[in-house]
Each structure stands twice: as C-alpha cells, then as structure tokens.
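Novice:
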Amino acid sequence: MKYIDFRSDTVTQPTEEMRRAMYEAPVGDDVYQDDPTMTKLEELAAEITGKEAALFVTSGTMGNQISIMCHTKMGDEIILSQSCHIVQYEVGAAARLSGVNYAIVNNPNHRITKKDILSKVRGKDIHHPPTSLVCIENSLGADGTVLTLEEMKEIYEVAKENNLAVHLDGARIFNAATYLNVDVKEIAKYADSVTFCLSKGLSSPVGSILCGSEEFINKARKMRKVLGGGMRQAGVLAACGIISLEKMSKRLKEDHDNARYMAEKLNEMEGFYVNANNLQTNLVFCKIDRLGFNPETFKSRLLEKGIKIGGYDDSKQIRFATHNDIKKDDIDYVIKSIQEIL
Ligand SMILES: *Cc1c(COP(=O)(O)O)cnc(C)c1O
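8 is the number of the first residue of the sequence shown in my numbering; add one for each residue after it.
(1) Report whether the distance from the Cβ of Asn182 to the nearest heavy atom of ligand 1 is below 7 Å.
(2) Going by C-alpha distance, which of Lys306, Ser344 and Ala172 is nearest Thr138?
(3) At what residues does the beta strand (DSSP E) containing Val341 begin and finish?
(4) Buried or exposed for Leu154, please, with buried defined as at least 16 other CB atoms from any protein chain shown within 10 angstroms of its CB.
(5) What's the gap between the Cα of Gly299 and the Cα of Gly278?
(6) Could you have a look at Ala283 and say whether DSSP puts it in helix, strand or coil?
(7) Once DSSP output is grouped into helix, strand and coil, what is the label at Asp176?
(8) Kindly identify the DSSP beta-bridge partner or partners of Leu290.
(9) Using 8 Å as the threshold, is the C-beta distance between Arg78 and Leu140 below it?
(10) Is the Cβ-Cβ distance between Gly248 and Gly214 less than 8 Å?
(11) Under a Cβ-count criterion, where at least 16 other Cβ atoms within 10 Å of its own Cβ denotes burial, should Gln72 be classed as buried or exposed?
(12) Per DSSP, what kind of secondary structure is Glu271 in: helix, strand or coil?
(13) Going straight from the alpha carbon of Thr304 to that of Glu31, what length do you get?
(14) Let me check one thing: in DSSP terms, what residues is Tyr109 bridge-paired to?
(15) Go through its chain and collect everything with a Cβ distance to Phe1's Cβ below 8 Å, but skip five positions before and after it.
(16) By the DSSP assignment, the alpha helix (DSSP H) with Ala102 in it spans what residues?
Below, the structure written as structure tokens:
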C-alpha cells in the first residue's frame with residue numbers, strides 16, 4: 008500500500024536528483040577534513056546563515072546538544088521554554104552531556120520574552136547557579152508559528168546585556184524565513200549559534216547543520232568527535248544537503264500554501280478546528296475534541312485508508328505536516344477519506 012504520510016516533514020524521501028548526486032559525489036575522509044563535498048556544504052551553510060563557519064551533524068538533537076556543550080560549563084543554568092525540543096524530545100541529554108540545570112519558561116504561546124529572561128537570569132547570589140545560555144526556536148516546533156525579527160532582536164539584546172549566549176534551534180528556519188520573506192541570515196544574526204535540519208522539509212535523508220563563529224565551530228567539531236559523530240566519506244550525505252540548500256529551500260512556500268488549503272478544507276467540516284491565525288508554516292494542528300472521536304481511533308481509521316497522521320493523545324489535537332511528497336491531490340483525497348469516516 009502506498010501511504011500518504013503527514014506525520015512529519017522528516018518522512019520526505021530523497022529526490023531523484025539527490026540519489027544521483029550521492030552516487031556522483033567526490034568524497035574523502037571528513038575527520039581529516041578531506042571531503043570536498045562536505046567542505047562545500049559547510050561553506051555554503053555558513054554563507055547562507057551569515058556565520059563564519061558550519062559543521063554537519065547527524066541530527067538536530069546532536070546540533071543542539073553540541074551547542075549546549077560548547078556554550079556552557081557543568082553546573083550552569085540555561086533558559087528555555089517548557090515546550091521546546093531540547094526539553095521535550097532530547098531524552099534529557101543536556102543534563103547528561105553538559106550537566107546543566109534548566110530554567111524553564113512556561114508561556115501558553117511557547118515564547119520567551121525579555122521579561123522572562125530578566126526574571127530567570129541569576130548567578131550573583133551564592134545559592135544560585137550561573138546562567139550562561141538562552142535557547143530559542145524559530146519556527147516553534149510546538150505550534151509551527153514564527154518569531155518575528157523584532158522578537159528575536161529583543162531576546163538577543165537582553166541576552167547580550169546579561170552576558171548570555173543565544174542558541175537558535177532553527178530546525179525549520181527555512182520555513183520561518185519563507186514566512187517572513189527574509190533571508191535566513193536576517194533571522195540567524197540574532198543568535199550566536201544556530202542549528203537547522205536538512206532532513207525535514209529540505210528533504211535530505213540525514214543530517215543537520217550547526218553554525219557559528221570559527222572558534223565556536225572548531226570547538227564543536229571536537230565535541231562532535233566526543234559524541235562519536237566524526238564521519239568519514241560523509242560527502243554522500245553532503246551532496247544531498249547541497250541540493251537541500253540550493254533547491255529545496257526555495258520551494259517551501261508550496262508546503263505552506265498546501266497547509267493553508269488543508270486548514271480551509273478541515274475548517275469546513277463540523278467538529279474540526281484549525282486556528283488559522285497560528286497557521287504560518289507547514290504544520291497544521293487541528294482540534295477534534297468536539298468530534299466524539301478519540302484521536303487514536305481517528306488515526307487508525309485513516310491508516311486503513313493509507314493516510315498517516317501525527318497527533319497528541321492528551322490535547323485531542325491531530326497534526327498534519329505538509330512537505331515535498333504531499334501534493335494538493337493528496338489533500339483532496341484525505342478530506343474525502345475523512346468525510347467517508349464521519
Ligand atoms: C526536528 C527538530 C529538531 C531535531 O530533530 P532530530 O530528529 O534530532 O533531527 C530540533 N528542534 C526542533 C524544534 C525540531 O522540530
């Protein structure tokens with residue numbers, strides 16, 4: 008059975024062009040920094056984010072964790088949002104790998120403001136751990152919304168006034184840039200380090216990129232080795248990453264348009280509610296609490312029709328992620344299937 012897979016943009020298949028590029032890529036030993044394709048990808052990523060240097064890592068999680076390892080020392084405290092990926096989906100790695108304490112901000116809109124940072128930063132009192140880092144996301148994984156440049160700037164400025172580094176988990180920074188209609192570097196300039204995923208909407212099979220100053224990336228390269236992430240002929244992966252940056256990053260508006268189309272269609276049906284004000288990128292969060300369906304039941308009924316969706320049991324919310332392998336026809340098919348189920 009051919010599935011239409013809305014669970015995440017991570018399910019994207021590498022394109023034909025990527026498969027060819029993998030086959031043809033000149034490669035070398037990247038631990039010796041001898042892989043020309045990898046070097047090309049890292050230079051391109053640094054240029055696009057406006058940073059001095061970049062490092063290919065196996066996943067967004069590895070990029071975030073290396074960044075925390077580089078920005079902090081054991082016993083520090085880091086400020087971050089309750090709903091963020093680092094808190095929710097990284098197996099508590101920052102406690103294990105960096106030995107840091109979390110100062111958690113818990114706003115309903117998942118954002119961290121100047122006021123939050125000022126209330127959380129500490130270190131002068133003998134009882135308190137020193138704060139060294141603020142971690143933010145753009146776009147936000149929790150609801151797919153985008154922080155404005157003004158929000159980013161305010162966070163960055165107050166962090167600098169308080170001697171804090173800023174790490175941006177930009178897993179979907181290209182979606183954020185597409186929504187804001189700005190270059191990625193306009194967002195990245197309000198952070199000392201930034202990670203983004205090649206393996207989500209940008210369709211690469213594997214990998215993320217960590218960017219920052221030359222000094223930061225030299226340290227990060229060493230930390231990647233600590234984690235066993237030194238890779239050899241990784242140019243076969245970098246070849247896909249180059250296509251992600253040069254080509255796939257330019258088609259994300261199509262995913263955003265498809266997400267809007269999907270939301271409109273869902274909102275036309277009784278019992279489905281998508282908050283259109285929060286629909287800024289490719290993640291469609293849909294409430295079905297008035298439907299009388301348990302999300303798990305609903306998901307399994309859709310699966311019988313060849314449709315996979317994501318969702319969260321506790322919030323009675325389902326999630327559809329649009330991406331390169333979802334076309335408008337697929338959305339029509341899903342809507343028709345939902346009507347049949349109802
Ligand atoms: C996907 C994602 C990551 C990284 O995920 P990996 O599966 O480790 O690549 C990090 N942060 C956010 C906000 C994400 O959505």
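Quick reminder that beta carbons are idealized off the backbone N, C-alpha and C, glycines included.
Bear in mind that the values here come from a model prediction, so they are computed numbers and not experimental data.
Specialist: In this structure, then:
(1) Along the sequence shown, one-based indexing puts residue 182 at 175. False, no ligand heavy atom lies under 7 Å from that Cβ.
(2) Looking up residue 138 in the sequence shown gives position 131. Out of Lys306, Ser344 and Ala172, the CA that lies nearest to the CA of Thr138 is found in Ala172.
(3) Sequence index remark: in the sequence shown, residue 341 carries index 334 (1-based). Per DSSP, Val341 belongs to no beta strand (DSSP E); it is in the alpha helix (DSSP H), Lys335 to Ile348.
(4) For the purposes of this step, residue 154 is identified with residue 147 of the sequence shown, where counting begins at 1. Answer is buried; the Cβ neighbour count reaches 16.
(5) Position 292 of the sequence shown, counted from the first residue, corresponds to residue 299. Position 271 of the sequence shown, counted from the first residue, corresponds to residue 278. Taking the CA atoms as reference points, Gly299 sits about 8 Å from Gly278.
(6) For this step, residue 283 is matched to residue 276 along the sequence shown. The DSSP-derived three-state label of Ala283 is helix.
(7) The residue you call residue 176 lines up with position 169 of the sequence shown. Judged by DSSP in its simplified three-state form, Asp176 adopts strand.
(8) Here residue 290 corresponds to residue number 283 of the sequence shown, with the count starting at 1. Leu290 is bridged to Ala328.
(9) Reading the sequence shown from its first residue, position 71 is the one you call residue 78. Reading the sequence shown from its first residue, position 133 is the one you call residue 140. According to the sequence provided, residue 78 is His. The question's Arg does not apply to it. Inclusion of His78 and Leu140 in the CB contact set at 8 Å is warranted, their separation being smaller than that value.
(10) By 1-based counting over the sequence shown, the position of residue 248 is 241. By 1-based counting over the sequence shown, the position of residue 214 is 207. Judged by their CB atoms, Gly248 and Gly214 are nearer to each other than the 8 Å cut-off.
(11) For the purposes of this step, residue 72 is identified with residue 65 of the sequence shown, where counting begins at 1. Gln72 comes out buried.
(12) By one-based count along the sequence shown, residue 271 stands at place 264. Three-state result, Glu271: helix.
(13) Locating residue 304 in the sequence shown gives position 297, counting from the first residue. Locating residue 31 in the sequence shown gives position 24, counting from the first residue. Distance from the CA of Thr304 to the CA of Glu31, rounded to the nearest whole angstrom, comes to 46 Å.
(14) In the sequence shown, residue 109 corresponds to position 102, counting from 1. DSSP lists Ile85 as partners of Tyr109.
(15) The structure shown does not extend to residue 1, since the chain is modelled only from 8 through 349, so no value can be given for it.
(16) Mapped onto the sequence shown, residue 102 falls at position 95. In the DSSP assignment, Ala102 falls within the alpha helix (DSSP H) that extends over Ala100 to Leu104.
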